[in-house]
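Sequential numbering from 25 applies to the sequence shown in the working numbering.
Beta carbons are placed, not taken as given, at the ideal position from N, Cα and C, and that holds for glycine.
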Amino acid sequence: MPAPVLLVVAHGSRDPRHASTVHALAARVRAGRPGLRVETGFLDFNAPSVPRLLERLHAQGAHDVVALPLLLTRAFHAKSDIPSVLHEARTRLPLLRVRQAEVLGPSPLLRATLERRLGEAGITPADRRSTGLVLASAGSTDPEAIAVIADIARELRHTGWCAVRPASASAHSSGGFPGTGDAVRALRAEGVRRVAVAPYVLAPGRLPDRIVAGAREAGADILSDVLGPSPEIARLLLDRYDEALVTDRAALTA
Numbered sequence: 025m026p027a028p029v030l031l032v033v034a035h036g037s038r039d040p041r042h043a044s045t046v047h048a049l050a051a052r053v054r055a056g057r058p059g060l061r062v063e064t065g066f067l068d069f070n071a072p073s074v075p076r077l078l079e080r081l082h083a084q085g086a087h088d089v090v091a092l093p094l095l096l097t098r099a100f101h102a103k104s105d106i107p108s109v110l111h112e113a114r115t116r117l118p119l120l121r122v123r124q125a126e127v128l129g130p131s132p133l134l135r136a137t138l139e140r141r142l143g144e145a146g147i148t149p150a151d152r153r154s155t156g157l158v159l160a161s162a163g164s165t166d167p168e169a170i171a172v173i174a175d176i177a178r179e180l181r182h183t184g185w186c187a188v189r190p191a192s193a194s195a196h197s198s199g200g201f202p203g204t205g206d207a208v209r210a211l212r213a214e215g216v217r218r219v220a221v222a223p224y225v226l227a228p229g230r231l232p233d234r235i236v237a238g239a240r241e242a243g244a245d246i247l248s249d250v251l252g253p254s255p256e257i258a259r260l261l262l263d264r265y266d267e268a269l270v271t272d273r274a275a276l277t278a
């Protein structure tokens, strides 16, 4: 039997850079495991939509799919949107088995990508002692997602930065976190002379652009790129795919 299809489920965006980044990441995954069929579907804005893609896979004779949410935390899309879409597909396509893998984060591979992007922006390990870091996420009101971002910020504090502040794309998009610009200004007020902003988002789009605007408006010294199609994230997708298969086999033999 062929290996289950890996279906990367992305949110989608009107910004063409979003889909381009998602497709580049899927290409890295294919290169990392030749022979594995990797498809990309979107919840909104971009084609193919997840339902249409599942219909196409069914028509082509696929029997088994692992749907992997391209999300950093378990928030609304992972808990509601995607399960609803997959449930509806299972109802319409009873011969197609579809299981949902875990979201990407938290993972050391995501932090490795974050550090890769900061290094590409000019930060060296020695710079951390005199640099404050703003960890800027897209934002969420989900308590689990908020806790994950706060935990990552705490972990980063132990890697040499003089200070680390979690932030979001805007003050209204994440419960308890300031907007990116406010976080930069707060570090300045504490006496931090050099401030770096690291977007903790996968692809460009409207919310990442707000992070960039906030960082520039507040005068951040360093602004790294989005996580993007890094080799670490491509490896992480394959890890989550494999974990879904192992979990499923364990459930069948329990």
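Between which two residues does the beta strand (DSSP E) containing Pro20 stretch? The structure shown has nothing for residue 20, since the chain only spans 25 to 278.
What residue does the beta strand (DSSP E) around Gly65 start on, and which one ends it? Per DSSP, the continuous beta strand (DSSP E) segment holding Gly65 begins and ends at Val62 to Phe66.
Close Cβ partners of Leu96 (< 6 Å) along its chain, the five nearest in sequence each way excluded: Contacts found: Leu128 and Gly129.
Of the residues Ala43, Val158 and Val62, the one placed nearest Ala174, counting alpha carbons only: Taking Ala174 as reference, the option from Ala43, Val158 and Val62 with the minimal CA-CA separation is Val158.
Run the CB neighbour count on Glu144, radius 10 Å, all protein chains shown included, and call it buried at 16 or more, exposed below. Under the 10 Å beta carbon count, Glu144 is surrounded by fewer than 16 other beta carbons and is classified as exposed.
For Val216 versus Ala242, is the C-beta spacing smaller than 8 Å? Their beta carbons are not under 8 Å apart, which means Val216 does not touch Ala242 by this criterion.
Is the distance from the Cβ of Asp105 to the Cβ of Arg230 below 8 Å? At least 8 Å separates the beta-carbon of Asp105 from that of Arg230.
The alpha helix (DSSP H) enclosing Arg141, as first and last residue numbers: Here the alpha helix (DSSP H) through Arg141 covers Pro132 to Glu144.
Own chain, CB closer than 7 Å to Arg153, minus 5 neighbours either side, in chain order: Close CB contacts of Arg153 within its chain, under the 7 Å cut and outside five residues either way in sequence, are with Gly184 and Cys186 (chain order).
So, is Thr271 buried or exposed, given that buried needs 16 or more other C-beta atoms within 10 angstroms? Burial check for Thr271: the Cβ neighbour count within 10 Å stays below 16, so the residue is exposed.
Name the DSSP beta bridge partners of Asp88, please? DSSP, once it has assigned bridges, lists Arg121 as partnering Asp88.
Should the stretch 217-226 be regarded as contacting the stretch 76-92, the criterion being three or more beta carbon pairs within less than 8 Å? Short answer: they don't touch.
Beta strand (DSSP E) segment containing Gly32, residue limits: For the record, residue 32 in the displayed sequence is Val; it is not Gly. Here the beta strand (DSSP E) through Val32 covers Val29 to Ala34.
In terms of alpha-carbon separation, which member of Leu180, Val89 and Asp266 lies closest to Arg121? Looking at the Cα atoms, Val89 is the closest of the given residues.
Let me make sure I understand the geometry here. Which of Gly238, Glu168 and Arg181 has the alpha-carbon closest to that of Phe100? Of the candidates Gly238, Glu168 and Arg181, the one whose C-alpha sits nearest the C-alpha of Phe100 is Glu168.
heavy atom of the ligand HEM below 7 Å from Pro255 C-beta: With respect to small molecules bound, the structure shown includes none, and the ligand HEM cannot be examined in it.
Reduced DSSP secondary structure (H/G/I, E/B, other) of Ile147: Ile147: coil per DSSP, three-state reduction.
Validate contact between the stretch 48-64 and the stretch 132-150 using beta carbons, cut 8 Å, 3 pairs: Short answer: they don't touch.
Give the range of the alpha helix (DSSP H) segment to which Thr204 is assigned. Segment Thr204 to Ala213, the alpha helix (DSSP H) holding Thr204.
Buried or exposed (CB count within 10 angstroms, at least 16 for buried), Leu92: In this structure Leu92 is buried. Its beta-carbon is surrounded by 16 or more other beta-carbon atoms within 10 angstroms.
Identity of the residue in Ala51, Ile246, Glu214 and Gly205 nearest Ser192 by Cα: Considering only alpha carbons, the answer is Gly205.
Just mark Gly65 as buried or exposed, buried being the case when its beta carbon has 16 or more other beta carbons within 10 Å. With 16 or more Cβ atoms within 10 Å of its Cβ, Gly65 is classed as buried.
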